[in-house]
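Participant: Just dropping this structure here.
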Amino acid sequence: MGWWPFSRRERGLGEAPDYFREGMNLASQEKYHEALTSFRLALRRRPDDAEIMEQMAVIYTHISMPDEAVKFYEQAIETGANSPAAHYGLAFIYLHRGDTAGARRHLRAFLVRPPEDEEAAAHVEHARRTLRQLEGSGSVGADLDSEAGG
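Here you go:
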């Protein structure tokens, strides 16, 4: 399973630097630490922006810092956005940790209002399949290696 689809925010002429967009560009180049710096600057400007928090969590997952990822995913949910992406990311972090109850809880939350765009379809199906396996007797171990947070 690949990355969670990146945002498509646009910057208008004459606007202040768009640190979010810069972070997205750096992340797409796998310059993760630099991307985190840009996302921190973006978050300073928009401290309640769940999308920034989600992207920071994705980056932390990719650089093997799951505790930091959990913190940012939880913050994204706490903003009131009920972030489906955060629930998705948390589900697989919890699954990697062996917390199947936490994984089931977040997969269910994700599937209450899953994204409907074509890019997210594979993630939605993966979440459904994983939840079915967790609720049945199926093993999800093989899926874990391909789903490291988004």
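In case it helps, our numbering puts the sequence shown at residues 13 to 162. We put the beta carbon where it would ideally sit given N, CA and C, even for glycine.
Counting only the same chain and skipping the five closest in sequence on each side, list residues whose C-beta sits under 6 Å from that of Met68.
Facilitator: The residues are Phe51 and Phe84.
Participant: Buried or exposed, going by whether 16 or more other CB atoms sit within 10 Å of the CB of Ser95?
Facilitator: So Ser95 ends up on the buried side.
Participant: Using only CA atoms, which one of Tyr72, Arg116 and Glu66 lies nearest to Lys43?
Facilitator: Nearest C-alpha to Lys43: Tyr72.
Participant: I need the straight-line Cα distance from Pro78 to Val70, nearest angstrom please.
Facilitator: Taking the straight line joining both Cα atoms gives about 9 Å.
Participant: By the DSSP assignment, the alpha helix (DSSP H) with Ala54 in it spans what residues?
Facilitator: It spans Tyr44 to Arg57 - the alpha helix (DSSP H) in which Ala54 sits, taken as one unbroken run.
Participant: For Arg140, report the span of its alpha helix (DSSP H) as first-last.
Facilitator: Element bounds for Arg140: Ala133 to Glu147.
Participant: For Asn37, which of helix, strand or coil comes out of DSSP?
Facilitator: In the structure shown, Asn37 sits in a helix (DSSP, three-state: H, G or I).
Participant: For Arg57, which of Asp30, Ser76 and Asn37 has the nearest alpha-carbon?
Facilitator: The candidate whose alpha carbon is nearest that of Arg57 is Asp30.
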